[in-house]
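**Q**
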Amino acid sequence: LYAWYQFAKDVSSSGDLDDLSGNDRDLTARDSDKRPAAPTTDSPTTGYPTAPNGFPAQSAVFNADLLEHADDGENFTFGDGTDDSPFSISVWVKVSDNAAHQIAAKYKNSAAGIAYQREWVLSISASTIKPRFLIQDESNNNTQWRDGTNAVQANVWTHIVATYDGRGGSGDANDVQAGPGIKIYKNGVDDTNDDSGSDTIYVAMENTLAPFTIGNSDDEPGAKDFDGSLASVALWSKVLSADEVKALYHS
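Sequential numbering from 40 applies to the sequence shown in the working numbering.
Pasting the structure below:
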């Protein structure tokens with residue numbers, strides 16, 4: 040377990056969101072007006088007669104809010120420009136509308152003359168309203184991604200998991216690229232659309248100083264803000280198996 044966040048702690052006015060994995064990757068608010076709302080009891084446990092052990096029992100509403108972990112070049116990076124390493128991310132979300140939602144990312148768009156620092160993004164695509172997991176080779180300015188097959192329904196709790204096996208690419212357009220190493224799971228079931236995404240020339244993600252963020256990626260327009268509720272975000276420095284994803288959905 041690389042990092043784990045639940046939203047039972049009230050950080051609406053002050054304080055950091057604790058990393059429950061014990062790895063000290065706590066999150067801070069970007070600005071005083073970028074703090075999510077106080078926790079509520081609306082969560083994936085709603086409607087369960089007895090909530091499975093470990094289910095998040097509370098959530099926080101995000102509305103143009105941004106939590107981040109500033110990077111020193113070592114955190115939330117799963118590539119070094121030559122090779123990628125495997126990782127997985129799990130989120131419980133309830134989006135407020137059928138629009139673009141950037142959930143979690145290590146991805147900084149250029150702003151005020153600062154160069155792009157793009158690594159990876161988990162989002163809901165504006166064009167399809169489906170989960171999308173994207174990895175970026177900054178040196179080659181190329182991306183690999185996969186979408187889910189089914190759209191995310193607004194105002195319904197949904198469990199999304201994205202995994203990447205770290206295979207990277209050779210940089211040769213004639214070789215199989217990194218995209219087939221990405222999987223998307225929705226509510227415990229493999230939902231990957233293997234016909235989606237880009238398989239352009241790719242080698243590996245770069246190790247950048249982009250912050251890890253929840254609520255949008257860094258310097259993205261407000262149209263991509265995550266609007267809705269988050270109950271849990273967790274990352275692993277490995278590929279979760281289909282059985283592990285299913286167990287995670289139920290516990």
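No residue lacks a Cβ here, since even glycine has one placed at the ideal position from N, Cα and C.
1. Run the CB neighbour count on E107, radius 10 Å, all protein chains shown included, and call it buried at 16 or more, exposed below.
2. Could you check whether N232 and D294 sit closer than 9 angstroms to each other, using their CB atoms as the reference points?
3. Excluding five sequence neighbours on each side, which residues of the same chain lie with their C-beta closer than 8 angstroms to the C-beta of S209?
4. Excluding the five sequence neighbours on either side, which residues of its own chain have a C-beta within less than 8 angstroms of the C-beta of S276, listed in chain order?
5. Is it buried or exposed for V195, if we count other Cβ within 10 angstroms and need 16 for buried?
6. What does the alpha-carbon distance come out to for the pair V50 and V134?
7. Considering only residues of the same chain and omitting the five flanking positions on each side of V200, which have a CB-CB separation below 6 angstroms?
8. Go to K225, then tell me how far its beta strand (DSSP E) extends in each direction, as first and last residue.
9. Could you please give the first and the last residue of the uninterrupted beta strand (DSSP E) stretch that includes Y146?
10. Can you tell which of A68, N213, F94, A77 has its C-alpha closest to the C-alpha of A286?
**A** To lay it out plainly:
1. For the purposes of this step, residue 107 is taken as residue 68 along the sequence shown, with counting starting at 1. Buried: at least 16 other Cβ atoms inside 10 Å.
2. There is simply no residue 294 to check, as the chain begins at 40 and stops at 290 in what is shown.
3. Here residue 209 refers to the residue found at position 170 when the sequence shown is read from its first residue. Taken in chain order, the residues that qualify are V242.
4. Here residue 276 refers to the residue found at position 237 when the sequence shown is read from its first residue. Once the five neighbours on either side are set aside, the close Cβ partners of S276 are Y41, F117, S124, P125, F126.
5. In the sequence shown, counting from the first residue as 1, residue 195 sits at position 156. The residue is exposed, with fewer than 16 neighbouring Cβ atoms inside 10 Å.
6. For the purposes of this step, residue 50 is identified with residue 11 of the sequence shown, where counting begins at 1. For the purposes of this step, residue 134 is identified with residue 95 of the sequence shown, where counting begins at 1. Computed Cα separation, rounded: 20 angstroms.
7. Here residue 200 is taken as the residue at index 161 of the sequence shown, counted from 1. Taken in chain order, the residues that qualify are S129, Y224, V284.
8. On the sequence shown, residue 225 is found 186 positions in, with the first residue counted as 1. Here the beta strand (DSSP E) through K225 covers 221-225.
9. Locating residue 146 in the sequence shown gives position 107, counting from the first residue. Element bounds for Y146: 140-147.
10. As a position in the sequence shown, residue 286 is number 247, starting the count at 1. Among A68, N213, F94, A77, the Cα nearest to that of A286 is on F94.
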